[in-house]
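Worksheet: the structure to be examined is printed underneath.
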Amino acid sequence: MGKPNKGKTETIKQRALYVYLPSVELAEEWKARATNENMSISKFIIQRVIDSLNTEVDEDQGPSRLELLEQIQIRDEMVKELEQENRMLRNLSDSLDTELKRYRSAPFLDNDFEGPRPFDPELIEILRSSTKPLTQGDILRKLGIKSTQSDFINAISIQLEMLEQIGVVECLGKKWRWRGS
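Just so you know, we're using the working numbering here: the sequence shown kicks off at 50 and counts up by one.
This is the structure in structure tokens:
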């Protein structure tokens, strides 16, 4: 057999530190806390000293673990708030988009409407910028109109027919193509 390793018992004097607390009451309190946590007084003190040292900032090593955990918690709260704000802004944006579509569709859905009917500028841009003919479904998707929004679909259909009547778009079966300038 080889040499026995130096055990804890052989190094006990090298590892020992003697701590004198300011009062007997404090010593009793620490012993009671150690007992409550099912630790020896030595392990209790070691753990508390290590925890305390970990809260200190070492210029060479950066922030302590505790500080990093606090920063993470703060950032998690910020992320949660920003996600909530983002959701609210998205909902507001969706509402405004729907209201804008309603406003742009109104003149084409009201049979009693008098005056000029401005075409939806997004519709014109989609038709103008497309290099190939588009189905009405393609156009509706690009406009963000859902299949359940029948009023908006009707308004786009009416606009496409009117644009065809004035000669700026042509219907090729079920597809539409820009012809204007």
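Cβ atoms here follow ideal geometry from the backbone N, Cα and C, with glycine treated the same way.
Asked, Found
"Looking at the unbroken beta strand (DSSP E) that takes in Val218, where does it start and where does it end?", "Val218 to Leu221"
"Starting from Trp227, follow its DSSP beta bridges and name the residues at the other end.", "Val218"
"Using only alpha-carbon positions, find the residue among Lys80, Lys62 and Ile61 that is nearest to Leu70.", "Lys80"
"Strictly by DSSP, which residues pair up with Thr184?", "Lys224"
"List the whole-angstrom C-beta distance separating Val217 from Arg226, where the pair is believed to meet the contact cut-off of C-beta under 8 Å.", "The Cβ separation is near 10 Å, so there is no contact."
"Report yes if the C-beta distance between Glu219 and Glu210 is below 8 Å; otherwise report no.", "no"
"Of all the options Leu117, Ile90, Glu74 and Arg82, which has the alpha carbon lying nearest to the alpha carbon of Tyr67?", "Ile90"
"Using only the alpha-carbon positions, how far apart do Ile121 and Asn203 sit?", "51 Å"
"Tell me whether the beta-carbon of Ile205 lies closer than 8 Å to the beta-carbon of Ile215.", "no"
"Quick one: Cα of Gly111 to Cα of Val98, how far?", "19 Å"
"Could you say which of Thr84, Phe168, Leu176 and Glu130 lies nearest to Met151 if we only look at CA atoms?", "The sequence shown places Arg at residue 151, rather than the Met named in the question. The option with the nearest alpha carbon to Arg151 is Phe168."
"Pick out whichever of Glu148, Leu176, Ser72 and Lys92 has its Cα sitting closest to the Cα of Gln198.", "Glu148"
"Can you give me the Cβ contacts of Asn87 inside the same chain, cut-off strictly under 7 Å, excluding the 5 residues immediately before and after it?", "none"
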